[in-house]
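*Asks:* Handing you this structure, nothing more for now.
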Amino acid sequence: MALPNLHPMLNVAVKAARAAGNIINRAALDVEAVRINQKQINDFVTEVDHAAEKIIIETLTTAYPGHGILAEESGSEFGAKDSEFVWIIDPLDGTTNFIHGFPFYCVSIALAVQGKIEQAVVFDPTRNDLFTATKGRGAYMN
Numbered sequence: 001m002a003l004p005n006l007h008p009m010l011n012v013a014v015k016a017a018r019a020a021g022n023i024i025n026r027a028a029l030d031v032e033a034v035r036i037n038q039k040q041i042n043d044f045v046t047e048v049d050h051a052a053e054k055i056i057i058e059t060l061t062t063a064y065p066g067h068g069i070l071a072e073e074s075g076s077e078f079g080a081k082d083s084e085f086v087w088i089i090d091p092l093d094g095t096t097n098f099i100h101g102f103p104f105y106c107v108s109i110a111l112a113v114q115g116k117i118e119q120a121v122v123f124d125p126t127r128n129d130l131f132t133a134t135k136g137r138g139a140y141m142n
C-alpha cells in the first residue's frame, strides 16, 4: 500500500522496511532459536539480518533494477555497480539488542543520489513506528 504524499522511491523503501520488520518480529518471538555468528569482537550477525536484508534487496531491485545496493551484510554484491542511485541498507540496526531480547532495534534504509542522501526510512518493528524523510521536505513519524 502506497503512503500518501511520499516520494515514489520512499514508498518502495517503506514497503521494504515493513517486510523486513515482519521477518524480525516473527524471529523475536523465539530469539533463542536464532543462529548467531560473530563478525568481529562485539559485532554479530544473525540469520534474521540476512533474511531481512534479502527481502529488502528483492523489494528494491524489483522496483528499481538499475539502482545500486550497499548493504551491511552483503556489501555491494547486488544491484547496478555504476548507478547514481544507491540504496544503503542496515536490515537489523541493533543486532546485539535483538540477540539479548532488548526491543531497541530498527530497519534503516536510505537512498543516495550522486552520493547525497535524498530519502530515508527508519522502521521500528517492535513499536510499529515509521520515520521517513525526504531531502528538502522534512522528516515525519508514522
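Position 79 of the sequence shown, counted from 1, bears residue number 79 in my numbering, the numbering being contiguous throughout. Glycine included, every Cβ here is placed at the ideal spot set by N, Cα and C.
(1) Taking only three categories from DSSP, how would you classify residue 2?
(2) Please name the residue or residues paired with residue 108 in a DSSP beta bridge.
(3) Between which two residues does the alpha helix (DSSP H) carrying residue 63 extend?
(4) Note down, in chain order, each residue of its chain lying with its Cβ closer than 6 angstroms to the Cβ of residue 70, except the 5 sequence neighbours on either side.
(5) Considering only the alpha carbon of each residue, which of 106, 30 and 65 lies closest to residue 81?
*Replies:* Working from what's here:
(1) Note that residue 2 scores 48 on pLDDT, short of 50, meaning its location in the model is unreliable and no value can be drawn from it.
(2) 90 and 122
(3) 47 to 63
(4) 76, 86 and 88
(5) 65
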